[in-house]
Every structure is written in C-alpha cells, then in structure tokens.
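Residue numbers (mature numbering (1 follows the signal peptide of the UniProt record, and there is no 0)): -25 to -1, 1 to 506.
Where is the CB? At the ideal position from N, CA and C, for every residue including glycine.
Note that the coordinates shown come from a computational prediction; the quantities given were computed from them, not determined experimentally.
One structure is given here, and the rest of the page talks about it.
Here you go:
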C-alpha cells in the first residue's frame, strides 16, 4: 500500500474521529427522543431562504437546516464531514479531492451528485456569493471523475481553502433546478430545495417558517424532530416572554436584549452557552462610506475611533457578552496580533483631529452632520446606535439616526446608500476568508453584500493581503497579517466596536442545539427534545 503523507493521515484521522463521535451521539439518544416540534426565534425575518443568494444571519439560521455544505467544523475549527465524507489534499497543496456521501437525494427526490458540487462552485456561487467568489477565484479547474468524486485543482496553494466549505461559505445548490437559468429570478427560489434533514413546508410572512422532517435524509435515523418552526417575533419583550413561558425553545445571536442575560442565567428552566460562534468570529464596527465627505479623510475616521468607548459598549450594552475590538481581526481568528496600534477612548484626541481638519463647531457645537443607518436586529443594536450618536455629539459630530427593516437595510448597505451604519460581519476562522474581503480594492462591488462596502482603497495593502492568502508558512503569514492590521489601524477605514460572544439560549429539555463551531446555523439533524 502506498504510504500516505503526514498531512493526509491527519485529515483521515480527524475524519474517523468525527464520524465516530457523530455515530456515538446518534446511537445514544435515538430510541427515546424521536419526534416533537421545536420552536426557534427568527429575528428579523430573512429576505429569502435561498442560501446561495443571501447569507445574512436569519437566512443562515433557517436555511442551514435545508441546505448543506461539503464540510462542517468542530469547535477547534477542525474540518468534519458533511456532504463530503472524506477528502485528500495533494502534498503540493494544489489538488483537493472530495469523496461525497452516497445515497443522498434532493428534497424533490432527484439524486445528489458531483455535478451539483461542480455547478455550485463553478457556475452558481461565483455569480451570487461574494465570499465564495473570492475563495473560488483561486480554482484552476473542477473535475468530476464520477458521480461521487470532485477534484478541485488550484492555480496556486491557498492556505485557508479547506475552511471555505461550510454551508454559509459554499452552500451546495441543485444543478437540475438552476443550470442555465437566471439564478436570482428563477421560480425555484419560491420553494427552497436542499439535501438537509428538514424540508421547506410553509412560510407565512410575518409569522413563521415551517420545516418538516426529511424522511429520505442520507443520515440513517435522522433527524429526530418532526417539525421546526422559526417564529418571527419583532417585539423584543415578546421574544423574552415567549422564551420564558416555553412557547419558543431556542434564541440566539441578539434575539434577547443583552440586558436580560443575568435574568435568563438565573432561570432554572433555561440554559445559556456562548459556544457555536467560533467559526464565525463576529466583529462589529461602524461602516464608514468614504464616498461621503468628510469620511474620505482618515483624520476624521480616526477621530470617530477615539470618540468611542468600547469598554462601555461591551459592559453596559452587551453585558459582558462582547469585548472591545482592538482592530480589524478578531482575537478568536487566526493570525490575530494584540500588539498592533489601538484606539483608546480619548475624546480630546478626537477633538484635536477635527480642529486640525478645520471643522470648527458652529454656535450649536456642531462641526458636521451625518446619517447613521441602524442595524435592524433588535433593541441591543438600537442602543448601540444611540450610544454612537451621543458619543459623537460630544466631539461635535451631529448624527441623524435612520431605521429600516432587514431587507431594506441589506439593500441600502450593499448599494452604498448610507453615510455610516452599524454592522457586524463574520471572519470565518481566517483573515483570507472573512477579513480582507472588507478592505481589498478589487472587492468593491456595488449591490453585493459582504464586499468592500466603504470604498476604501490601498494598493499596497492589496498586495499584502494577496501574499498572505497564498503563503503556506504560518510564521510568514502572521508577519503579513500583522503588517496588514497595522496599516488598517493607521487608515481607520472602519470604526471597530466589539468582538461578539453571542448567547444561545435553550430550554433545558432541548438537547444538541450547539454541536459544532457554526452553532445554530447547523443542520439540527441530531437536535432532540428530551422526554
């Protein structure tokens, strides 16, 4: 038998361990837990359930039960099987061969094959998914030697490539429904068809999304649940009441105002965990539109950085479920460096910079007026916007708050229709997957969510990001990302706020909600209600 390279042995070992753990979990609970209905808060209501078209958090939560990716990831970010049961990487790092699960069917009964993977990665996602477009730009060819094998050859080694296949990064879409069509306007978008453990049943707008068990799911005996209802509850007080009275059993992200976390943790009927957000590494900031003056001047952007008290936001708005951001790379993301220059809270420095620019306050103390588009994800984010308004007012920056719903927010954000907006994005375990997309000048794409929205350009930084993504030596990658983060700290294209550690809150009778590093975006295949 041909000797396997050490890297290959490691991957296969991790695969075997992951499969064994999955089998153990399934066998341990199956007999007594099959059946039941789970109610999950969905806030706000997503604009669509078609995962290939939208990757906002509400879409991820609901569509993550319908669609699947090739891989998922353990809490330590180790790759685990999903639609791919095993994989090999060539010694030169150029060829990734995925062996697919067999016996998988789409929800309409059509067989899932390697052609669905090739179509999704080569044809569909590069048109609709900005993150996937960037990751897949490194691909030279995709071959399908047979119905269960996909061979991906890269143009050059791309260090984070194996982490680019969880469901939000590369959802596998049905080729038989989309090939040769207008992906965004295909009638199939009205009824999502995936390979996941739950099938779409009904979407009653403004009320709920209902999913039902996929009886033909490829993992034998799964899922356990009969139904999953995603309940749309716009009012924060009503969400808290529903959780406490048991009419919903799962809340996540910012569903519940963080001010109520102490009350929730004291409730014996509820459990709270911050696990399940490791892969995302969510980081919040104020997006600054450089096309709007004076946001095109880095001194003004630096002034905003100094005017914000991140400790206050973390402690008084998020009640410890966040910590101050120190720069563009989260501390849970690979290649974080705590020693880059940071903006400590210092309103006097902010005022000095504004004075240096010649922005003198008028009789009312206003130097300039800008709009701030609030993030429509609940009261916590409204408080963040109010805090930003009040803090900037203290240095003479007048802020006019604007509000809208989730769909219009995403549209305005993607189309640069704002001056400033509060947002958060995921870093997906590696700066090449989730950080550089927000700052590379070749990723400025109007109308596309998750790109370089601010319009910031720095050709030298582009080169550093490019080199870092291709470098396979970890020490050299660290040096490059430290250089990039230092440059960003100086240019201050965004005003970084906090690293988020969202709570997932569940009724104690509900088990296996958080089973991987993608948390509530997982399939819920092994989620069950203890009887």
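Alpha helix (DSSP H) segments (min. 4 residues) lying fully within the segment 271 to 340: The segment 271 to 340 contains these whole alpha helix (DSSP H) runs: 273 to 282 and 322 to 331.
Residue 126, DSSP secondary structure in three states: Within the chain shown, the letter at position 151 stands for residue 126. Looking at residue 126 - three-state DSSP - the assignment turns out to be strand.
Cβ shell of residue 416 (< 6 Å), same chain only, five flanking positions each side left out: Numbered from its first residue, the chain shown carries residue 416 at position 441. In its chain, beyond the 5 residues on either side, 432 and 437 have a beta carbon closer than 6 Å to the beta carbon of residue 416.
Neighbour-count burial assignment, residue 230, 16 or more Cβ in a 10 Å radius: Residue numbering aside, residue 230 sits at position 255 when the chain shown is read from its first letter. It counts as buried.
Status (buried if at least 16 other CB within 10 Å, exposed otherwise) for residue 394: As a first step, residue 394 is located in the chain shown; it is residue number 419 there, counting from the start. Per the 10 Å Cβ criterion, buried.
Contact check, residue 141 vs residue 44, beta carbons under 9 Å: Along the chain shown, one-based indexing puts residue 141 at 166. Along the chain shown, one-based indexing puts residue 44 at 69. The Cβ-Cβ distance between residue 141 and residue 44 falls below 9 Å.
Identified DSSP bridge partners for residue 185: On the chain shown, position 210 is the one that residue 185 refers to. According to DSSP, residue 185 bridges with 177 and 204.
4 or more residues per run - each alpha helix (DSSP H) lying fully within the segment 403 to 439: Runs of the alpha helix (DSSP H) lying entirely within the segment 403 to 439 and spanning at least 4 residues, in chain order: 406 to 409.
Limits of the alpha helix (DSSP H) - the one that residue 108 falls within: Walking along the chain shown from the start, residue 108 turns up at place 133. Run containing residue 108: 105 to 111, per the alpha helix (DSSP H) assignment.
Where residue 188 falls, given that 16 or more other Cβ within 10 Å makes a residue buried: Here residue 188 refers to the residue found at position 213 of the chain shown. By the neighbour-count definition (other C-beta atoms within 10 Å, threshold 16), residue 188 is a buried residue.
Selection from 443, 336, 150 and 281 that minimises the alpha carbon distance to residue 89: The residue labelled residue 89 in the question sits at position 114 within the chain shown. The option with the nearest alpha carbon to residue 89 is 150.
Expected contact under 8 Å - CB spacing of residue 370 and residue 278 to nearest Å: Looking up residue 370 in the chain shown gives position 395. Looking up residue 278 in the chain shown gives position 303. Contact flag correct, Cβ pair sits at about 7 Å.
Chain-order list of residues whose beta-carbon lies under 7 Å from that of residue 341 (same chain, five-residue window excluded): Mapped onto the chain shown, residue 341 falls at position 366. Cβ contact annotation for residue 341 (same chain, cutoff 7 Å, sequence separation greater than five): 371 and 373, in chain order.
Local conformation of residue 483 per DSSP, three classes: As a position in the chain shown, residue 483 is number 508, starting the count at 1. Note: residue 483 maps to coil in three-state DSSP.
Alpha carbon of residue 85 to alpha carbon of residue 99, nearest angstrom: Here residue 85 corresponds to residue number 110 of the chain shown, with the count starting at 1. Here residue 99 corresponds to residue number 124 of the chain shown, with the count starting at 1. Taking the straight line from one Cα to the other gives about 19 Å.
Residue 56 - partner residues in DSSP beta bridges: Here residue 56 refers to the residue found at position 81 when the chain shown is read from its first residue. DSSP lists 46 as the bridge partner or partners of residue 56.
Residue environment, residue 390, which counts as buried when at least 16 other CB atoms sit within 10 Å: Within the chain shown, numbered from 1, the residue matching residue 390 stands at position 415. Residue 390 is exposed by the Cβ-count criterion.
Neighbourhood of residue -10 by C-beta distance below 8 Å, restricted to the same chain and skipping five residues each side: One-based indexing of the chain shown puts residue -10 at position 16. At residue -10, the pLDDT of 41 sits below 50, so the modelled position is not reliable and the matter cannot be decided from this model.
Same chain, Cβ closer than 7 Å to residue 1, five either side skipped, listed in chain order: Reading the chain shown from its first residue, position 26 is the one you call residue 1. Any reading at residue 1 must be qualified, since the residue scores a pLDDT of 42, below 50, and its modelled position is unreliable; the value itself is stated next. Closer than 7 Å at Cβ, skipping near neighbours: 196, 197 and 501.
Contact between the segment 321 to 338 and the segment 268 to 286 (3+ Cβ pairs under 8 Å): Cβ pair count under 8 Å is three or more, so yes.
Residues of its chain near residue 317, where Cβ-Cβ distance is below 8 Å and the 5 sequence neighbours each way are ignored: Numbered from its first residue, the chain shown carries residue 317 at position 342. Cβ neighbours of residue 317 within its own chain (closer than 8 Å, five residues either side excluded): 301, 302 and 464.
Through-space distance from residue 232 to residue 478, alpha-carbon basis: Along the chain shown, one-based indexing puts residue 478 at 503. Along the chain shown, one-based indexing puts residue 232 at 257. About 11 Å.
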